[in-house]
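Engineer: I'd like to ask you about the structure that follows.
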Amino acid sequence: MSTHLAVATVGLKAPLAIMQVPTVHPVGQQVRVRVEWTASTPLDLHQNDGGLLVKHPQVLGDGAAGTVVEIGPEVKKLEIGDKVFGFTWRTQTEKAHQEYCTTEEWLLGKLPEGFTLQEAVTLPNNFVTVFHALTTDLEIETPWPKPESYVPENADTPILIWGGSSSVGQFAIQILRFYGFTNIWVTASRKHHDKLKALGAKQAFDYNDASVVASITDAGGKDGVPLILDCIGSKAGSIAPIAKIATSGAKVAVLLPVIVRDSSETEDPEYEMDVKAAAQWADGVDAKGVRTHFYPDNEFFKNNLQPDIMPALLKQGTVTPQKQRIVEGATLIERAQKAMNILRRKEVSMERLVWRVSEGV
Numbered sequence: 001m002s003t004h005l006a007v008a009t010v011g012l013k014a015p016l017a018i019m020q021v022p023t024v025h026p027v028g029q030q031v032r033v034r035v036e037w038t039a040s041t042p043l044d045l046h047q048n049d050g051g052l053l054v055k056h057p058q059v060l061g062d063g064a065a066g067t068v069v070e071i072g073p074e075v076k077k078l079e080i081g082d083k084v085f086g087f088t089w090r091t092q093t094e095k096a097h098q099e100y101c102t103t104e105e106w107l108l109g110k111l112p113e114g115f116t117l118q119e120a121v122t123l124p125n126n127f128v129t130v131f132h133a134l135t136t137d138l139e140i141e142t143p144w145p146k147p148e149s150y151v152p153e154n155a156d157t158p159i160l161i162w163g164g165s166s167s168v169g170q171f172a173i174q175i176l177r178f179y180g181f182t183n184i185w186v187t188a189s190r191k192h193h194d195k196l197k198a199l200g201a202k203q204a205f206d207y208n209d210a211s212v213v214a215s216i217t218d219a220g221g222k223d224g225v226p227l228i229l230d231c232i233g234s235k236a237g238s239i240a241p242i243a244k245i246a247t248s249g250a251k252v253a254v255l256l257p258v259i260v261r262d263s264s265e266t267e268d269p270e271y272e273m274d275v276k277a278a279a280q281w282a283d284g285v286d287a288k289g290v291r292t293h294f295y296p297d298n299e300f301f302k303n304n305l306q307p308d309i310m311p312a313l314l315k316q317g318t319v320t321p322q323k324q325r326i327v328e329g330a331t332l333i334e335r336a337q338k339a340m341n342i343l344r345r346k347e348v349s350m351e352r353l354v355w356r357v358s359e360g361v
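By UniProt numbering, the letter at position 94 of the sequence shown is numbered 94, and the numbering carries on one by one without gaps.
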């Protein structure tokens with residue numbers, strides 16, 4: 001069997017390693033993709049430094065963009081040579097930080113004309129996360145295709161996005177705006193407020209302000225803030241203040257894991273998975289952890305979210321590629337390790353760490 005190079009985590013906080021892994025030929029509705037670009041995520045750091053959902057050695061990465069090089073006999077939409085991008089995570093053969101990934105056709109979207117692979121790879125994982133969180137955890141309707149005259153119930157209901165400048169936060173603003181919501185609130189560093197308002201946020205609060213909780217509570221008035229999306233998942237940094245804001249009847253969706261302690265050069269990370277136990281919530285608050293990996297349980301999303309909705313919203317400009325910070329390096333492992341180190345040092349601000357996977361493409 002032929003093999004190819006892959007980047008793997010081999011131990012807690014250990015340097016990343018290069019492995020030779022089998023190149024799997026597609027069957028059924030699978031396709032094999034030459035991965036040309038990927039984008040590092042906090043999950044990569046959680047897995048390498050904290051061992052989250054990991055069995056070592058494990059190939060990393062869940063956002064891939066590249067070229068279809070082989071297709072299974074039951075593939076219907078994609079052809080050899082197509083440029084594709086997708087959120088692929090379930091097995092070693094699907095992971096993104098390797099020269100080739102073999103995955104199901106429904107986990108990929110075809111690249112629209114006018115976009116590059118390095119732009120498109122900033123979308124898949126967090127685009128999917130937003131749709132899953134909005135529909136499953138906050139119970140917001142996202143009809144597709146969206147009727148021309150569609151206006152959501154309570155379109156002016158305040159929706160708070162804690163961490164608006166994060167990748168998930170930016171897509172949440174754009175997707176909520178697309179569906180007609182007009183009262184989107186965000187927290188972010190003050191330097192990002194104008195950019196987030198341009199995306200569709202109505203109000204922006206600086207999470208660094210000591211009075212941020214009071215400011216949001218005052219803005220919510222007697223009705224409070226009924227819908228809250230926590231894009232950070234920090235026990236002290238986001239969940240604690242959100243628990244002071246959320247009142248009875250509010251729905252809160254928190255990205256997992258709950259980060260009790262961040263990984264750093266000197267400290268190991270600590271995580272929890274129980275959102276309800278992470279804070280003292282007011283009676284009647286419905287707080288849930290966002291489990292994006294379960295999105296295929298929604299049969300419509302499984303068949304349509306990445307193959308159809310994602311490329312369509314990119315093509316029409318509803319969602320836009322996020323700012324790319326290209327991580328350079330002479331080798332695959334050098335680029336991967338540099339990206340991991342940048343994540344650990346928290347040197348990412350309203351941008352995605354994007355780097356080339358396949359050599360010589």
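The beta carbon of each residue, even a glycine, is placed where N, CA and C say it ideally should be. Note that the coordinates shown come from a computational prediction; the quantities given were computed from them, not determined experimentally.
(1) In terms of residue numbering, what span does the beta strand (DSSP E) encompassing Asp230 cover?
(2) With DSSP run on the structure shown, which of helix, strand or coil describes His97?
(3) Just how far apart, CA to CA, sit residue 427 and Asp49?
(4) How big is the Cα-Cα spacing for Ser248 and Trp281?
(5) Looking only at C-alpha atoms, which of Phe301, Glu36, Lys276 and Ile71 sits nearest to Gly289?
(6) Please state whether DSSP places Phe171 in a helix, a strand or coil.
(7) Among the residues of its own chain, which have a CB less than 6 Å from the CB of Asp82, if the five just before and after it don't count?
(8) Does the distance from the CB of Leu353 to the CB of Arg325 come in under 7 Å?
(9) Touch check for the stretch 142–149 and the stretch 333–349: three-plus C-beta pairs under 8 Å?
(10) Would you call the stretch 129–136 in contact with the stretch 40–47, where contact means no fewer than 3 C-beta pairs closer than 8 Å?
(11) From which residue to which residue does the alpha helix (DSSP H) around Phe115 run?
(12) As a quick exercise: from Ser238, Gln20 and Trp37, pick the residue whose alpha carbon is nearest that of Glu359.
(13) Distance check for Gln92 and Gly51, CA to CA, integer angstroms please.
(14) When the Cα atoms are used, what is the spatial distance from Thr318 to Pro311?
(15) Rounded C-beta distance between Gln188 and Ala243? I'm assuming under 8 Å.
(16) Taking its Cβ as the centre, do 16 or more other Cβ atoms sit within 10 Å of Phe87, making it buried, or is it exposed?
(17) Using the DSSP secondary-structure output, state which residues sit across from His4 in a beta bridge.
(18) For the alpha helix (DSSP H) that Ser40 lies in, which residues bound it at each end?
(19) Go through its chain and collect everything with a Cβ distance to Asn304's Cβ below 8 Å, but skip five positions before and after it.
(20) Buried or exposed for Gly11, going by 16 or more other Cβ atoms inside 10 Å?
(21) Sorted by chain position, which residues of the same chain lie with C-beta nearer than 6 Å to Glu113's C-beta, five sequence neighbours on each side aside?
(22) Short of 6 Å in beta carbon distance, which residues of its chain neighbour Ser165, apart from the five on each side in sequence? Order them along the chain.
(23) Going by CA-CA distance only, name the one from Ser238, Val27, Ala201 and Asn183 that's closest to Gly224.
(24) Mapping the DSSP letters down to three states, classify Ser238 as helix, strand or coil.
(25) Whole angstroms are fine: how far does the CA of Ala198 sit from the CA of Gln322?
(26) Mapping the DSSP letters down to three states, classify Ala65 as helix, strand or coil.
(27) Is the stretch 295–304 in contact with the stretch 253–268, if contact means three or more CB pairs nearer than 8 Å?
(28) Tell me whether Trp181 sits in a helix, a strand or coil according to DSSP, three-state version.
(29) Can you say whether Tyr150 is buried or exposed, counting buried as having 16 or more other CB atoms within 10 angstroms of its CB?
(30) Take His4 and list the residues in its own chain whose beta-carbon comes closer than 8 Å to its own, dropping the five residues that flank it on each side.
(31) When you compare only the Cα positions, how much space is there between Ala214 and Asp62?
Structural biologist: On the basis of the supplied data:
(1) Looking at the DSSP string, the run of the beta strand (DSSP E) that includes Asp230 is Leu227 to Asp230.
(2) coil
(3) Beyond the ends of the chain as shown, which are 1 and 361, falls residue 427; an answer cannot be given.
(4) 9 Å
(5) Lys276
(6) helix
(7) Val68 and Lys110
(8) yes
(9) Segments in contact, no.
(10) Note that the stretch 129–136 does not touch the stretch 40–47; fewer than 3 beta-carbon pairs, one per stretch, sit closer than 8 Å.
(11) Counting along the chain, Phe115 falls outside any alpha helix (DSSP H), and DSSP gives it neither H nor E.
(12) Trp37
(13) In a straight line, the C-alpha of Gly51 is about 16 Å away from that of Gln92.
(14) Distance between Thr318 and Pro311, taken at the CA atoms: about 10 Å.
(15) According to the sequence as given, residue 188 is Ala; it is not Gln. Going by Cβ atoms, the distance from Ala188 to Ala243 rounds to 20 Å, so no, they are not a contact pair.
(16) buried
(17) Val21
(18) No alpha helix (DSSP H) holds Ser40; the beta strand (DSSP E) holding it covers Gln30 to Ser40.
(19) Excluding sequence neighbours, Asn304 sits near Trp144.
(20) exposed
(21) none
(22) Ala188, His192 and Met350
(23) Asn183
(24) helix
(25) 14 Å
(26) strand
(27) At 8 Å Cβ cutoff, the stretches do not touch.
(28) Sequence check: residue 181 is Phe here, not Trp. Of the three classes helix, strand and coil, the one that applies to Phe181 here is coil, per DSSP.
(29) exposed
(30) Gln20, Val21, Thr23, Gln98, Glu99 and Tyr100
(31) 38 Å
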